[in-house]
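*Asks:* Before anything else, here's the structure in question.
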Amino acid sequence: MAPATVVDGKTLAAAIKEKIKAAAAEAGASPTLAVVLARGQEAAAAYTRSLARAGEGVGVRVVVHELGPEPRAAARVIAELNAAADVNGVILQKPFAGREADAELADKISGAKDVDGQTSASLGLLWAGRPAFVPSTAAAAIYILESHGVDFVGAEAVVVGRSLVVGKPVAALLVARNATVTICHTRTRDLAAACRRADVLVVAAGSAGLVKGDMIKAGAAVIDCGFNYAEDGSVVGDVAFDEAKAVASLLSPPRGGVGPVTTALLLVNVAWAAGVHVPL
Ligand code: NAP
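Letter by letter, the sequence shown follows residues 0 to 279 in numbering that gives the first Met the number 0.
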């Protein structure tokens with residue numbers, strides 16, 4: 000069997016970003032994203048910097064509000080951003096003040112500005128099949144699969160992970176496309192057996208090399224959202240890449256796969272929130 004096609008997320012993202020740039024220029028708009036970030040969260044700060052660089056290249060302004068991890072102050076800032084006419088999208092970078100507090104804070108983002116689909120309301124709308132902003136990593140997984148012509152109708156789709164940012168929204172998007180979806184998590188009895196059924200396998204567990212080659216059905220389309228650091232500092236996914244490449248038909252790499260598409264689709268949502276139509 001031929002090795003899997005390896006997803007080139009950078010090229011997909013570049014094409015999306017070109018569309019944002021053209022649409023924003025044509026509309027004469029400067030879509031603006033406000034990012035609320037806890038001081039001292041280095042990984043979140045680095046992601047925010049890369050988001051700002053990507054935004055700069057396409058005419059999307061990214062304004063960072065770096066705060067102490069005090070939920071009441073953050074809630075006040077989010078309320079101000081919800082009301083600000085020159086802010087189109089708001090995201091809360093997590094972790095901010097702890098799991099419970101973060102969920103409550105994210106829910107304070109107004110639906111019209113919830114460009115990363117972080118609120119319970121947006122997730123509910125997504126499951127209900129109503130218009131809503133979709134968390135961008137989940138949207139990226141589906142965008143990549145659709146870009147490669149993967150057929151979802153009647154397909155066995157397995158999602159490993161049930162987080163609000165990836166697993167659950169990916170599952171909702173797959174069901175909406177008429178796949179038969181299984182969601183796996185740490186209490187799943189036989190993860191390998193579940194994965195082996197998958198025509199479409201989306202993995203978002205945050206566990207390096209969790210899915211081995213012998214857990215993948217021949218010819219499956221495999222999207223690896225995992226981003227983990229190995230002991231030598233290299234980035235590894237949740238899927239054992241070389242093993243999976245020999246079995247799957249499509250495979251996203253841990254770097255240059257889902258990540259760049261995630262950023263590009265978040266910027267699309269900011270443009271949409273600003274009334275700039277980006278055709279995808
Ligand atoms: P998360 O909130 O920690 O959720 C992980 C999920 O995976 C949980 O539902 C957990 O199950 C499940 N899980 C963990 N270990 C498992 C195992 N051994 N067997 C079965 N299920 C297991 O993580 P997340 O935020 O969804 O992120 C997942 C991965 O995607 C991380 O590596 C993260 O860095 C990456 N990510 C990448 C991007 C990007 O833009 N590239 C964006 C977001 C996330 P329980 O619910 O039972 O605990």
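Positions of the beta carbon are idealized from the N, C-alpha and C atoms, including for glycine.
For ligand 1, any of its heavy atoms closer than 6 Å to the Cβ of THR337?
*Replies:* The structure shown has nothing for residue 337, since the chain only spans 0 to 279.
*Asks:* Is ASN227 helix, strand or coil when you go by DSSP?
*Replies:* For the purposes of this step, residue 227 is taken as the residue at position 228 of the sequence shown. Strand, per DSSP.
*Asks:* How many whole angstroms separate the CB atoms of ALA283 and HIS276, which I take to be in contact at a CB cut-off of 8 Å?
*Replies:* An answer regarding residue 283 cannot be provided, because it is not within the stretch 0 to 279 covered by the chain.
*Asks:* Would you kindly report the start and end of the unbroken alpha helix (DSSP H) that includes ALA37?
*Replies:* Residue mapping note: residue 37 aligns to position 38 of the sequence shown, counting from 1. Looking at the DSSP string, ALA37 is not in any alpha helix (DSSP H); the run it does join, the beta strand (DSSP E), is 31-37.
*Asks:* Could you give the DSSP three-state label for LEU91: helix, strand or coil?
*Replies:* Here residue 91 corresponds to residue number 92 of the sequence shown, with the count starting at 1. Strand, per DSSP.
*Asks:* For my contact list, THR181 and ALA192 are in at a C-beta cut-off of 8 Å; report their separation, rounded to the angstrom.
*Replies:* Looking up residue 181 in the sequence shown gives position 182. Looking up residue 192 in the sequence shown gives position 193. Wrong, their Cβ atoms sit about 10 Å apart, outside the cutoff.
*Asks:* Specify, as a first and last residue, the run of the beta strand (DSSP E) that GLU155 falls within.
*Replies:* Against the sequence shown, residue 155 aligns to sequence position 156. It spans 155-159 - the beta strand (DSSP E) in which GLU155 sits, taken as one unbroken run.
*Asks:* Within this structure, are the beta carbons of SER146 and LEU264 separated by less than 7 Å?
*Replies:* Here residue 146 is taken as the residue at index 147 of the sequence shown, counted from 1. Here residue 264 is taken as the residue at index 265 of the sequence shown, counted from 1. For SER146 and LEU264, no; Cβs fall outside 7 Å.
*Asks:* Compute every distance between the C-beta of ALA204 and the non-hydrogen atoms of ligand 1, then say whether any falls below 6 Å.
*Replies:* Numbered from 1 along the sequence shown, position 205 holds the residue referred to as residue 204. Yes, Cβ of ALA204 sits closer than 6 Å to a heavy atom of ligand 1.
*Asks:* Hey, ALA154 and ALA171: beta-carbon distance below 7 Å or not?
*Replies:* What you label residue 154 is simply residue 155 of the sequence shown in a count that begins at 1. What you label residue 171 is simply residue 172 of the sequence shown in a count that begins at 1. It is not a contact, given that the beta carbons lie outside the stated cut-off.
*Asks:* Relative to the C-alpha of ASP189, which candidate in ALA203, MET214, ASN81 has its C-alpha closest?
*Replies:* Against the sequence shown, residue 189 aligns to sequence position 190. Considering only alpha carbons, the answer is MET214.
*Asks:* If we require 4 or more residues per run, which alpha helix (DSSP H) segments fall completely within the region 97-171?
*Replies:* Listed in chain order, the complete alpha helix (DSSP H) runs (minimum 4 residues) inside the region 97-171 are 98-105, 119-126, 135-146.
*Asks:* Could you tell me if the beta carbon of HIS184 falls within a distance shorter than 6 Å of some heavy atom in ligand 1?
*Replies:* Against the sequence shown, residue 184 aligns to sequence position 185. Flag set: Cβ of HIS184 near ligand 1.
*Asks:* Any idea which residues DSSP pairs HIS64 with across the strands?
*Replies:* As a position in the sequence shown, residue 64 is number 65, starting the count at 1. In DSSP, HIS64 forms a bridge with VAL35.
*Asks:* Quick check on ILE182: does DSSP put it in helix, strand or coil?
*Replies:* In the sequence shown, counting from the first residue as 1, residue 182 sits at position 183. Three-state result, ILE182: strand.
*Asks:* Heavy atom of ligand 1 less than 6 Å from the Cβ of SER162, yes or no?
*Replies:* Your numbering for residue 162 matches position 163 in the sequence shown. Indeed, a heavy atom of ligand 1 lies less than 6 Å from the Cβ.
*Asks:* Are there any heavy atoms of ligand 1 lying less than 6 Å away from the beta-carbon of THR136, as far as the coordinates show?
*Replies:* Mapped onto the sequence shown, residue 136 falls at position 137. Under cutoff, so the answer is yes.
*Asks:* Using beta-carbon positions only, say whether ALA12 and PRO259 come within less than 7 Å of one another.
*Replies:* Counted from its first residue, the sequence shown places residue 12 at position 13. Counted from its first residue, the sequence shown places residue 259 at position 260. In contact: ALA12 and PRO259 (Cβ atoms closer than 7 Å).
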